[in-house]
């Protein structure tokens, strides 16, 4: 990689909006939207395959606890 070069990177809207704590990596980056959002496509796909979309928050699978 060249420190002086500019690179074009494609990412999902989830990552661009801070998912996986990557928000600071994209601060000030120009956005080019090329179509539907990935989350919208996944939602429609689940509906079409008779899938289930949870409407209530699911319980946490990983929780912090203090050591005894």
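Residue numbers (the working numbering): 24 to 91.
We put the CB at the ideal spot given by N, CA and C, even for glycine.
Remember, it's a predicted structure, so these values are computed and weren't measured experimentally.
I need the boundaries of the alpha helix (DSSP H) containing residue i, first residue and last residue.
| i | result |
| --- | --- |
| residue 69 | 61-71 |
With H, G and I counted as helix, E and B as strand and the rest as coil, what does DSSP make of residue i?
| i | result |
| --- | --- |
| residue 42 | helix |
| residue 26 | coil |
| residue 47 | helix |
Beta-carbon separation of residue i and residue j under 8 Å?
| i | j | result |
| --- | --- | --- |
| residue 43 | residue 60 | no |
Going straight from the alpha carbon of residue i to that of residue j, what length do you get?
| i | j | result |
| --- | --- | --- |
| residue 28 | residue 48 | 16 Å |
| residue 62 | residue 38 | 12 Å |
| residue 64 | residue 45 | 22 Å |
Determine, for residue i, whether the minimum Cβ-Cβ distance to residues of chain C falls below 8 Å.
| i | result |
| --- | --- |
| residue 88 | Absent from the structure is chain C; it holds one protein chain and no more. |
At least 3 beta-carbon pairs within less than 8 Å: the segment 51-59 vs the segment 69-87: no
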